[in-house]
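J.:
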Amino acid sequence: MVNYPKIAQVLKEAIKLVKPDKEEERTIRKKTLEFVEKLKKACRSMNAKIVVGGSFAKGTYLKGTRDIDVYVCFDYKSFKDKSNQLSDFLERSMKKAFRKYIRMHGSRDYFRVKIDNLTFEVIPILSIKKPEQALNITDVSLFHVKWVRSKIKKNKPLADQVRLFKAFCKANNIYGAESYIRGFSGYACEVLTIHFKGFLGLLKNATKWVKKEKVIIDPEKYYKSNSEVLKNLNVAKLQSKLILIDPVQK
1290 MVNYPKIAQV LKEAIKLVKP DKEEERTIRK KTLEFVEKLK KACRSMNAKI VVGGSFAKGT
1350 YLKGTRDIDV YVCFDYKSFK DKSNQLSDFL ERSMKKAFRK YIRMHGSRDY FRVKIDNLTF
1410 EVIPILSIKK PEQALNITDV SLFHVKWVRS KIKKNKPLAD QVRLFKAFCK ANNIYGAESY
1470 IRGFSGYACE VLTIHFKGFL GLLKNATKWV KKEKVIIDPE KYYKSNSEVL KNLNVAKLQS
1530 KLILIDPVQK
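Just so you know, we're using our numbering here: the sequence shown kicks off at 1290 and counts up by one.
Here it is, written out as structure tokens:
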């Protein structure tokens, strides 16, 4: 009989493979701070705030991660009527700060800058105090960071559990919400892992999804029932078998 190691031991070893070591963390942090300072100087005339977001800010990034999200937050009162122009305003500052960058198309255009072995994605957003003020889907991004960090602060091992699920999705080619992948975004991985209190809890629950017509997960319990979810969400958001309600935006 084969003597299989205990699952807990396997996952413990797996975490070592996917978690950045202190040296990698220091290097990324140093280069990111340098990038932010350079961008901050170029954005002074717009009085915009620069904030690091994404998995790096949440503390859930994988070993070998080379993509860093940086948000340029425009004052809400001054720019709420110019939401569709934020990318153009930001590009003027990008030209001042960096010799090479690429403008990427999205729900609101953003910018990609490669420095050494890191790729910085610079995203213009409105600085909002509550998700209801968002004029673009990207405007709620920092609320995602805040929600994930608040949950991990209460239960620190969850950060590594998230890493396990992200690595699992990568290994199965289902990591990334891009149209050509149609997989799990980093944020979806974080929300699901946190909701099910860990990687194993998530996998055990996922085995039950196969037999269900629709699986609805509402971490903050915004809706009283599944039927209420189906009634209130627009058709475009009901196409998937798995429906995940954003914990910061009903």
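Think of the CB as a built atom: it goes at the ideal place given N, C-alpha and C, for glycine as much as any other residue.
For the region 1386 to 1430, which segments carrying the beta strand (DSSP E) assignment without a break, of at least 3 residues, lie completely within its bounds, in sequence order?
T.: Runs found: 1391 to 1393, 1399 to 1404, 1407 to 1416.
J.: If we ignore side chains and look at the alpha-carbon of each, how far apart do residue 1397 and residue 1375 end up?
T.: Position 108 of the sequence shown holds residue 1397. Position 86 of the sequence shown holds residue 1375. About 8 Å.
J.: Roughly how many angstroms lie between the CA atoms of residue 1527 and residue 1454, to the nearest whole one?
T.: Reading the sequence shown from its first residue, position 238 is the one you call residue 1527. Reading the sequence shown from its first residue, position 165 is the one you call residue 1454. For residue 1527 and residue 1454, the distance between alpha carbons rounds to 24 Å.
J.: Checking 9 Å against the spacing of the C-beta atoms, do residue 1410 and residue 1357 come in under that value?
T.: Along the sequence shown, read from residue 1 onward, the residue named residue 1410 stands at position 121. Along the sequence shown, read from residue 1 onward, the residue named residue 1357 stands at position 68. Result yes, Cβ atoms of residue 1410 and residue 1357 sit closer than 9 Å.
J.: Exposed or buried, residue 1297, counting other C-beta atoms within 10 Å across all chains shown (16 or more means buried)?
T.: Your numbering for residue 1297 matches position 8 in the sequence shown. Exposed: under 16 other Cβ atoms inside 10 Å.
J.: Using DSSP with H/G/I as helix, E/B as strand and the rest coil, what is residue 1370?
T.: Residue numbering aside, residue 1370 sits at position 81 when the sequence shown is read from its first letter. Of the three classes helix, strand and coil, the one that applies to residue 1370 here is helix, per DSSP.
J.: Based on DSSP bridge pairs, tell me the residues matched to residue 1358.
T.: Mapped onto the sequence shown, residue 1358 falls at position 69. According to DSSP, which records beta bridges pairwise, residue 1358 is partnered with 1410.
J.: How would you call residue 1541, buried or exposed, if buried means at least 16 neighbouring beta carbons within 10 angstroms?
T.: Since the first residue of the chain shown is 1290 and the last is 1539, residue 1541 is not available in this structure.
J.: Check for me: the alpha helix (DSSP H) holding residue 1470 runs from which residue to which?
T.: By one-based count along the sequence shown, residue 1470 stands at place 181. Premise fails: residue 1470 is in no alpha helix (DSSP H) and is neither H nor E.
J.: What is the rounded straight-line gap between the Cα of residue 1295 and the Cα of residue 1301?
T.: In the sequence shown, the residue the question calls residue 1295 occupies position 6. In the sequence shown, the residue the question calls residue 1301 occupies position 12. Straight-line Cα distance between these residues: approximately 10 Å.
J.: Can you name the start and end residues of the beta strand (DSSP E) that residue 1340 belongs to?
T.: In the sequence shown, counting from the first residue as 1, residue 1340 sits at position 51. Counting along the chain, the beta strand (DSSP E) containing residue 1340 begins and ends at 1338 to 1341.
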